[in-house]
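Chains as they are written, first to last, in our numbering: chain A, 1 to 385; chain B, 1 to 385. All residues carry an ideal CB built from backbone N, CA and C; glycine is no exception.
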């Protein structure tokens, strides 16, 4: 295991009826900017709960943050904050809204050109505006981490950045919000969380047995809870466990002291930019094929995954191959298609487009062993067609 | 799963060579009080590393904190802090030193009689003095939680208290310190961490599968790492994993949203007060017998524990019984005796003494189902003789 630092000061409030608690967590003198997306929170009652909880506060609103939040939209919120002299941001939504709020929070006090935060993937270590989150769609884990992914529409770039100052002050996770989600979004969320774990876990044996077992715990629980929550999104226990798995999948814990991969995400982001495919689905397209192409590097962990999560038996090679098949079968069980051709007829162009982009960015040797080259990326995308 | 709040702002630094980092974590203008125990840190090189890291700081020292830290000793450190106008405390030691520092940190600004913090088990919610910790003995998890146990010698009371302000600002966990520990202390530490997990896990099914699996992950890893670290305390990987299990066993994560037990600890503390038995060993004496006496309440979780951790097969009843035996066998494999008669010839007196104490304190219905009565406590202690 490598040396590591663990620091995560976000206060999580989990369970039904917790939205009302936010008034105890935001300074009474604050002027609050509520940031949200397309308005689903007005249909499912969350907006009303938030407004009620914020009675007595001076409140401004900013809506219209898209899925895959866009730089061009978010900078308008930064302007609004400066104009209105806002002190605190409250993001109400899924990972896109919370990621968007992270950009806004980072941009308010940044003295340079704020597009650099994204394009230069800056380490945000200056004063950020404090913010809290009310999660309405479990998936990304953004509610308890300090990273974000934002898209620049003009240049068709979807890139991540992070910084320790970007942890939410608090996040409220009320599983009853799941009851009103479309099945497709729940399936996407499960897929997203599942692949978050895989990116940190399907690497090579790194002498970190506890992190391995925690990762397997999340995968097993997601597999167990997925059919329940898809069948009945009003199943409160299933909703709570699904939400909790999503948070734990990407709050930093399981990656402590180990090298991670994240190339499935890097390629997946390009598929979203190119074809508008939902984030979670891009991961289901790429992940299994990346594991096939990088089989020699990842065989031992794939075999461990197969034995412990799917109780498979056989040689390392056999179990590792079968584990990839079982992973694909799991995505299919969620109704998530795993071939690029399931989403577009124009998949072929992705191969060179992505290779060229990574080349431009100097992403020539990626993954936990720095052995995912541009040629390997081409191979992975081809296999995903 | 119950509603829960998760908040843990401690910054953990894990791995070799991290002690030098503390100068980046303590305000340069601080006057620092170093608190430690009997001086083992002067033999194993930790003291020298700390002094070197604190070059340029104004430093005061307070040594002599005992195992099972005593109120009578700790109040002297409180006086010293006031006299010397200290700003920051650095605890260097195991759980006893860090627990002691928690009391000191809580007492400095408390306006009433500081003995009340312990005797009235106050929720510490006033201003505490900030402190960091350098862990030299993995066991209690005190390095990443906000609770402490302190003994009042005059009244023979060993009691716990806690408060959100009592999280360490940082904790440095360098596994190389384990190389110089006596085998007995390592065995105690493993036992302590193991029973910490059991207190949160061996209850009843509570619809919290992820917490269950995290608990099982820690137990499995402790079982795996125990023979390695006992055989060779210089095995760095084993040391790192053992230390990490101890931290995760009691940093609050696995108890989120579930009811806990903690009666093994309550009884164990009395055995330490009465006979001076090491804390970890008192837990090995009481735990298995508590599970036998409360078998009906805990049967389902004992069976799950037996199946998942010890891969036992059979009916719930069979596996649950066998799991208790395997638990005892595990303690024995560490060289930890599990009968009170292994430690004292005067065990009999504990039965009524403990019953009377719990009665005086009004602890009439304890455990996760409030069904561990004074009579049950008597039964548990009798079975432990």
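Item to check | Closest Cα partner of residue 288 of chain B within the set B/340, B/251, B/159 | outcome: B/340
Next on the checklist: Between which two residues does the beta strand (DSSP E) holding residue 295 of chain A run?
Outcome noted: Counting along the chain, residue 295 of chain A falls outside any beta strand (DSSP E), though it belongs to the alpha helix (DSSP H) covering 295-310.
Checklist entry - How would you write the range of the alpha helix (DSSP H) that residue 336 of chain B sits in, first residue to last? => result Where residue 336 of chain B is concerned, there is no enclosing alpha helix (DSSP H), given that its DSSP letter is neither H nor E.
Item to check | Where residue 40 of chain A falls, given that 16 or more other Cβ within 10 Å makes a residue buried | outcome: buried
Next on the checklist: Need the endpoints of the beta strand (DSSP E) that residue 257 of chain A sits in, please.
Outcome noted: No beta strand (DSSP E) holds residue 257 of chain A; DSSP gives it neither H nor E.
Next on the checklist: Do residue 88 of chain B and residue 26 of chain B count as a contact pair if the criterion is CB distance below 8 Å?
Outcome noted: yes
Checklist entry - Given a limit of 7 Å on CB to CB distance, which residues of the segment 225-251 of chain A reach chain B? => result 237, 240, 241, 244, 245, 248
Checklist entry - Residues in its own chain within less than 7 Å of residue 292 of chain A by CB, not counting five upstream and five downstream? => result 324, 383
Next on the checklist: Do residue 119 of chain B and residue 74 of chain B count as a contact pair if the criterion is CB distance below 8 Å?
Outcome noted: no
Next on the checklist: Against chain B, does residue 218 of chain A count as a neighbour if the rule is that its beta carbon must be under 8 Å from one of theirs?
Outcome noted: yes
Item to check | Within-8 Å CB hit, residue 13 of chain B to chain A | outcome: yes
Item to check | Test: residue 1 of chain A CB closer than 8 Å to a CB of chain B | outcome: yes
Item to check | is_contact[residue 131 of chain B, chain A] using C-beta, thresh 8 Å | outcome: no
Checklist entry - So which residues on chain A does residue 207 of chain B lean against when the C-beta distance must stay under 7 Å? => result 237
Checklist entry - Taking the continuous beta strand (DSSP E) assigned at residue 133 of chain B, which residues delimit it? => result 131-135
Item to check | Partner residues on chain B for residue 61 of chain A, Cβ-Cβ distance less than 9 Å | outcome: By Cβ distance, chain B contributes nothing, its closest Cβ being about 27 Å from residue 61 of chain A, past 9 Å.
Next on the checklist: Is it the case that the segment 4-19 of chain A contacts the segment 9-16 of chain B, given that we only count it when at least three CB pairs across the two stretches are under 8 Å?
Outcome noted: yes
Checklist entry - What alpha helix (DSSP H) runs, 4 residues minimum, are completely inside the segment 164-224 of chain A? => result 183-201
Item to check | Residue of A/305, A/193, A/28 minimising C-alpha distance to residue 244 of chain A | outcome: A/193
Checklist entry - Should residue 391 of chain B be flagged as near chain A, meaning a C-beta pair shorter than 8 Å? => result Since the first and last residues shown for chain B are 1 and 385, residue 391 of chain B lies out of range.
Checklist entry - Would you say residue 28 of chain A reaches chain E, if we count a Cβ-Cβ gap shorter than 8 Å as a contact? => result Absent from the structure is chain E; the protein chains it does hold are A and B.
Checklist entry - With respect to the alpha helix (DSSP H) encompassing residue 70 of chain A, which residues constitute its N-terminal and C-terminal limits? => result No alpha helix (DSSP H) holds residue 70 of chain A; DSSP gives it neither H nor E.
Next on the checklist: For the segment 122-148 of chain B, list every residue whose C-beta sits within 7 Å of some C-beta in chain A, in sequence order.
Outcome noted: none
Checklist entry - Which residues in chain B sit within 7 Å of residue 392 of chain A, going by Cβ to Cβ distance? => result The structure shown has nothing for residue 392 of chain A, since chain A only spans 1 to 385.
Checklist entry - Is any beta-carbon of chain B found at less than 8 Å from that of residue 5 of chain A? => result yes
Checklist entry - Any beta-carbon of chain B closer than 8 Å to the one on residue 9 of chain A? => result yes
Next on the checklist: Do residue 161 of chain B and residue 121 of chain B have their beta-carbon atoms positioned less than 8 Å apart in this structure?
Outcome noted: yes
Checklist entry - Curious, which full-length alpha helix (DSSP H) runs of at least 4 residues does the segment 308-374 of chain A contain? => result 316-333, 349-361
Item to check | Per DSSP, cross-strand counterpart(s) of residue 148 of chain A | outcome: A/161
Checklist entry - DSSP beta-bridge partners for residue 36 of chain B? => result B/92
Checklist entry - If we cut at 8 Å on Cβ distances, does residue 16 of chain A have a partner in chain B? => result yes
Checklist entry - Quick one: what's residue 59 of chain B bridged to in DSSP? => result B/32
Next on the checklist: Measuring only the C-alpha atoms, how far is residue 155 of chain A from residue 274 of chain A?
Outcome noted: 11 Å
Item to check | Range covered by the alpha helix (DSSP H) that runs through residue 270 of chain B | outcome: 263-275
Item to check | Residues that residue 189 of chain A contacts on chain B, provided the C-beta gap is smaller than 7 Å | outcome: Result: empty, since nearest Cβ-Cβ is about 15 Å, beyond 7 Å.
Checklist entry - In chain B, what lies closer than 9 Å to residue 257 of chain A by C-beta? => result 14, 15, 240, 244
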